[in-house]
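J.: FYI, in my numbering the residues of the sequence shown are 17 to 449.
Built from N, CA and C at the ideal position, the CB exists for glycine as well.
Just so it is clear, the structure is predicted and the values come from calculations on it, not from any experiment.
Structure in C-alpha cells, see below.
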Amino acid sequence: MASQRPILAHGGDDYRRFVNPLVAERVTLSGEPTGLMATDAGRLVREDGSAIEDLHGTQAFGHRHPAITRAVVEYLQSDAPNWFPSRVNPYAGTLARRLCERTGYTSAYFASSGTEAVEAAIKLARAATGRRRIIGLHGAYHGCTMGSCALMADSVYRDLFAPHLADVVRIERDDIAGLEQALADGAAAAVVVEPIQIEGGVRSLSPAFIAALCELTARHGTLLVADEVQTGMGRTGRLLASVGWPRRPDAITLGKHLGGGLMAISAMLTDMRWTRAAYGKNYETSEAHNCTFSGHAVACVAAMAALELLDDQQLQHIAAVGEDFRQRLRTLLAGSALVGEVRGDGLAIGLELRATDQPLLSFDHFGMTDLGDKPTTALLLCQRLYKRGYFPFVCGHDWRVVRMQPRFTLDHADLSKLAQTIADELAVLEAWL
Ligand SMILES: Cc1ncc(COP(=O)(O)O)c(C=O)c1O
C-alpha cells in the first residue's frame, strides 16, 4: 500500500544508523534479502517483484495470513477496549481458556516475548517450591533476558553478561546420570528443556532422557518445564511437541508464531495448583509477577485466530509434509560429501553440513578474521538459497546446521521444489571443494 512505501523504502537506512549498524552490515555481506516491500500469498515480495519464501518459522502461517489479519482489523475497527486497568482482561481470559482446553493445562500467563515466558516459568518454579536451583541443558537457547540467559549455551549470547543467576546447573543433553545427580538432593525448583534444541542444531531429546525427565522430576517434586517457544503451536505436527511424553510437563512456554506472526505474544501454561502455590498466598503476592501488557488485547485476538487455524487436519498436514520433505532431502542428498545429516520433526528441519578445510571457503578468505574458526558451508548454502527465493538461516549455536521452519500452508509440491533447489545449490558448492 502506498502509505507504507516511505517507511519500507527508507526505514532500513534508519535501522543502520539508529538501531544496529553491524547487523545491517552483516545482512549486506551475507546476502540476506532486503528491500522487502510487500507480502503476497504468504510470501515476501522485493522491490523488483521477486518473491521470497521465509523459512524462519515465526511466520508459521505465512506472512499476513488473511484470517489472522482480518481478525485483527475487525477488532481494531470495533470500539472494544484495548487495555483493562483492573487486569481482569476478557481477551486474556478467553485466549487462556482456549489454550487450556486444547492442551489440558489449567492456568496461563501472557507476556510479549519467548524469553519472558521462560522467566515466568523460572519464577513460578522458585515461588511455588521455595527452592532455588534451576537445571538446564548445554546447547540450550531460551532467550536473552538474564534468567533465560543463565540457562543459555556458552556463546556470545551468554558470555558477555556474567555474572549469571545463582544456582543454575547445566547438564549435557540426554545425560540421565547427570540429571539424577543434579536432582538428587531435592533442591531443584525446575528442569527447563527444549523438546528439540532448535538453535542448538535441531537436536531432539532422546526418548530415554524424556522418560527419565518425567520420572525423576516427579519423584523429586521438581517442576518440569518444556520450552516450546519454537516447537509449540503445531510446529512438529502436534499442538505441543511434548504431547505424548510419559507425563505432561508442569509448565510449557509458547511464543514466536503464537500471535500468528502479526502480534508479539508469548505464554506460559501450567496447572492452577502451581499458580496457586506460587502466587495464591495472599492478595499482595497474587501479582508478584506481572507485566503491563500481559494479554494485550490485539495480540490475544491474533493468537485466537492463529489457534483456530491449527485444527487436526492442519496438524496432520504438517506432520505428513514434514516427514516427506526430510525423506526427499535424504534421497536427493545421499552421497553428497557436504551433507552430514537431515533431521527434525514435523516442519522443524535441520540440515547439517560438514565443514570444509578449503581455504577459499573460510571466513579468513572473506576478510572476517574474527570468525576465522567458524564453519562456512551452511552459510554459503543459505546465501545461494537467498538468490533462489528462499530465506533459511543457520542455527544460532551451530553454524553447521541450516535451520528450516517452512510455513504450515506449504504443500508437498512446494517442499519438493525446495528440496530440489537445495540439492542443486549444494552440488554447486561441492564443485568448489
Ligand atoms: C526455544 C526458545 N525459547 C525462547 C526463545 C526466546 O524467544 P524471544 O526471542 O521471543 O524472546 C527462543 C528464541 O529463539 C527460543 O528458540
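For the segment 58 to 135, list the beta strand (DSSP E) runs that are entirely contained and at least 3 residues long, ordered along the chain.
T.: Entirely contained in the segment 58 to 135, the beta strand (DSSP E) runs reaching 3 residues are, in chain order, 59 to 62, 67 to 70, 123 to 127.
J.: Note down, in chain order, each residue of its chain lying with its Cβ closer than 6 angstroms to the Cβ of S129, except the 5 sequence neighbours on either side.
T.: Here the set comprises S282.
J.: Along the chain, where does the alpha helix (DSSP H) containing V444 start, and where does it finish?
T.: Start and end: 428 to 448.
J.: What residues are listed by DSSP as bridge partners for S220?
T.: According to DSSP, which records beta bridges pairwise, S220 is partnered with I212.
J.: Check whether the Cβ of Y157 sits closer than 7 angstroms to any heavy atom of ligand 1, and report yes or no.
T.: Y157: yes, Cβ under 7 angstroms from ligand 1.
J.: Beta carbon of Q329: closer than 7 angstroms to some heavy atom of ligand 1?
T.: False, no ligand heavy atom lies under 7 angstroms from that Cβ.
J.: At what residue ranges does the segment 354 to 441 contain a whole run of the beta strand (DSSP E), taking only runs of 3 or more?
T.: Counting only runs of 3 or more, we get 355 to 361, 364 to 369, 417 to 420.
J.: Closer than 7 angstroms by C-beta to M168: which residues in its own chain qualify, once you throw out the five before and the five after it? Chain order, please.
T.: Contacts found: A156, Y157, H158, R174.
J.: Throw me the rounded Cβ distance for the R455 and A364 pair, which I believe falls under 8 angstroms.
T.: Since the first and last residues shown for the chain are 17 and 449, residue 455 lies out of range.
J.: Suppose contacts are defined by Cβ-Cβ distances below 8 angstroms. Is I214 in contact with V185 by that definition?
T.: Not a contact, by the Cβ cut-off of 8 angstroms.
J.: Which value, in whole angstroms, describes the spacing of the CA atoms of D440 and L348?
T.: The alpha-carbon atoms of D440 and L348 are separated by roughly 9 angstroms.
J.: Taking 7 angstroms as the line, does the beta carbon of G277 fall inside it for any heavy atom of ligand 1?
T.: No; taking the cut-off as 7 angstroms, the Cβ of G277 has no heavy atom of ligand 1 nearer than that.
J.: Give me, in chain order, the residues of the same chain whose beta-carbon lies closer than 7 angstroms to that of A83; leave out the 5 immediate sequence neighbours on both sides.
T.: The answer, listed in chain order, is A321, L325.
J.: With which residues is A283 paired in a DSSP beta bridge?
T.: Paired residue(s): F126, L270.
J.: Classify D170 as helix, strand or coil using the three-state DSSP reduction.
T.: Note: D170 maps to coil in three-state DSSP.
J.: Would you call S102 buried or exposed, if buried means 16 or more other Cβ atoms sit within 10 Å of its Cβ?
T.: With fewer than 16 Cβ atoms within 10 Å of its Cβ, S102 is classed as exposed.
J.: Are at least three pairs of beta-carbons, each pair with one atom in the segment 70 to 85 and one in the segment 414 to 431, less than 8 angstroms apart?
T.: Yes: at least three Cβ pairs fall under 8 angstroms.
J.: State yes or no: is the C-beta of C411 nearer than 7 angstroms to some heavy atom of ligand 1?
T.: Result no, Cβ not under 7 angstroms from ligand 1.
J.: Where does M249 sit, in a helix, a strand or coil, going by DSSP?
T.: Coil, per DSSP.
J.: State the DSSP-derived secondary structure class of V259, mapped to helix, strand or coil.
T.: Reduced to three states, the DSSP call for V259 is coil.
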